[in-house]
Amino acid sequence: MPQESDPRVAAIAAEATEWRRHLHANPELSFEEHQTSDFVAAKLESWGIAVTRGIAGTGLVGTLRGARGQQGANAGRAIGLRADMDALPMQEMTEDLPYRSTRPNVMHACGHDGHTAMLLGAARYLSEKRDFEGTVHFIFQPAEEKGGGGRVMVEEGLFTRFPCDAVYGIHNGSNVPKGQFVITRGTTNAAADTVKLTVRGLGGHAARPHQALDPVLVASHIVVALQSVVSRRVDPLDSAVLSLCSIHGGSACNVIPEEVVIEGTVRTLRPETRDEMQRLLTEVATATATAHGASVEIDYERGYPPVVNSDGPVERARLAAANLVGEGMLVREAPPTMGGEDFSYMARTVPGCFIRLGQMDPGKPNFSTHHPRYNFNDDILPTGIAFWSSLVEQELTPG
Ligand SMILES: [Zn+2]
Ligand SMILES: [Zn+2]
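Just so you know, full-length UniProt numbering puts 186 at position 186 of the sequence shown, and the rest follows in order with no gaps.
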């Protein structure tokens, strides 16, 4: 099994650092990862890996068969390793980063540049050694941040075209110590829904409010009333988040507008709580509007379902991580994050495991993912490359 200190892993990680920085300087938005997809495909092909393109637009799959015969116990098995490729629509604010984004308002602020480079590094290592039997599919997906590229790949037949016995994904953990693996059973990421509330009143002159119906006031009551849903209606031992993050209405200090639009997101871990949050939100917002003689139109959109890990892949990923970094750097129990992830669509189609790999350097400034000064930590590339490679060799041991 490869180790982080393996000279070949170290050499590949040095190259992967260059790829990562190239991707960081040239970020692309969800479903627009054309250059990134070309870059990944060219690398895979140069190492003799069969590439299938055009799944969910810019998505692609590299397929590699082991060299250790195709007759043994694992010959018929296949596993999928997944990385995401897209960036975020935000302006990078890092200081003095030589490879900072060259594109205004597009930034790799979630480390997907690192995930892509890490999986490419493993593909390179495995293509050279091919010390396994069976098949590994390297899945590079578009649009994790927006639009659900993982869902679209599954809908376009990812696992019927490339059957997998298990699928694994890694996300860097910006608040987890560098090199630490977090591999937990059950739910790891929340369901992420969005809601838009359009509050309708009656516009008019600010000096004659009795002849109008002020939607600014009604919207304010709705924002406050909705805060009681999580605090008073959801079991305190369960988890739910309702964040109303934007509110827009009005155009002048002396004009009562016709409508106000509120937008936000709802995060839950359990399906029943998800249904209940939608029901309560609708009930409380509608009743509050009605109490003021106004109306509210509610667009509730279900987003990514929760990521739920399967026990078998969890145990196998833990084994590979423990062999690589030792028990001291493996966290087996941790609360889920309320962040969403569209790896959920893959992990509910075939048994899956979503892994967090820490990247926080103690004593250095640390910025969370989605922060304008966030940067993927290249120091974890050897760890990730060695982990992916040893997981494949462990799972597809010649036998
Ligand atoms: Zn993100
Ligand atoms: Zn991400």
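We treat Cβ as the ideally placed atom computed from N, Cα and C, and that holds for glycine. If you're wondering where the values come from, they're calculated on a predicted model, not measured in any experiment.
Residue environment analysis places H108 among the buried positions, since at least 16 neighbouring C-beta atoms fall within 10 angstroms of its C-beta. Not a single heavy atom of ligand 1 lies less than 8 Å from the C-beta of E32. Cβ neighbours of D311 within its own chain (closer than 7 Å, five residues either side excluded): R185. Remark: the C-beta of G384 is outside contact range of ligand 2, defined as less than 8 Å to any heavy atom. Put simply, of V308, A219, G203 and A386 the residue whose alpha carbon is nearest the alpha carbon of G121 is A386. Rounded to whole angstroms, the gap between the alpha carbons of P257 and I79 is 56 Å. When DSSP assignments are scanned along the region 289 to 351, the uninterrupted stretches of alpha helix (DSSP H) that are 4 or more residues long and fall wholly within it turn out to be 311 to 325 and 343 to 347. The three-state reading of DSSP puts M107 in strand, counting E and B together.
Remark: the shortest separation between the CB of G111 and any heavy atom of ligand 2 falls under 8 Å. Listed as beta-bridge partners of G80 by DSSP are H137 and V167. The Cβ atoms of L324 and A117 lie no closer than 9 Å to each other.
Rounded to whole angstroms, the gap between the alpha carbons of G358 and A206 is 54 Å. As a beta-bridge residue in DSSP terms, H248 pairs with V261. Taken in chain order, the complete beta strand (DSSP E) segments of 3 residues or longer contained in the region 9 to 90 are 50 to 55, 59 to 65 and 78 to 84. Contact between H112 and E92 does not hold, since the beta-carbon distance rounds to 14 Å and is not under 8 Å. In the three-state reduction of the DSSP assignment, H205 falls in the strand class, which pools E and B. Here the distance from the Cβ of E145 to the nearest heavy atom of ligand 1 is below 8 Å. According to DSSP, V182 shares a beta bridge with V331 and R356. According to the DSSP assignment, R124 belongs to the alpha helix (DSSP H) that extends over H112 to K129. Remark: the shortest separation between the CB of L23 and any heavy atom of ligand 1 does not fall under 8 Å. In its chain, beyond the 5 residues on either side, P382 have a beta carbon closer than 7 Å to the beta carbon of A10. Of all alpha-carbon atoms in A191, T102 and G48, the one lying nearest the alpha-carbon of L269 is that of A191.
Per DSSP, the unbroken beta strand (DSSP E) holding R200 starts and ends at A191 to R200.
Counting only residues of its own chain and dropping the five nearest sequence neighbours on each side, L197 has a CB closer than 6 Å to the CB of I262, A285, V296 and I298. In this structure, DSSP gives R279 a helical state, which the three-state scheme calls helix.
Here the C-alpha atom of E155 lies approximately 44 Å from the C-alpha atom of L202.
Per the coordinates, the alpha-carbon of A334 lies some 23 Å from the alpha-carbon of V350. Taking the Cα positions, V40 is about 37 Å away from V241. If you look at S390, you'll find it in the alpha helix (DSSP H) that goes L381 to E395. Distance from the CA of P313 to the CA of C164, rounded to the nearest whole angstrom, comes to 12 Å. Contact between F376 and N172 is confirmed by a C-beta separation of about 6 Å, below the 8 Å threshold.
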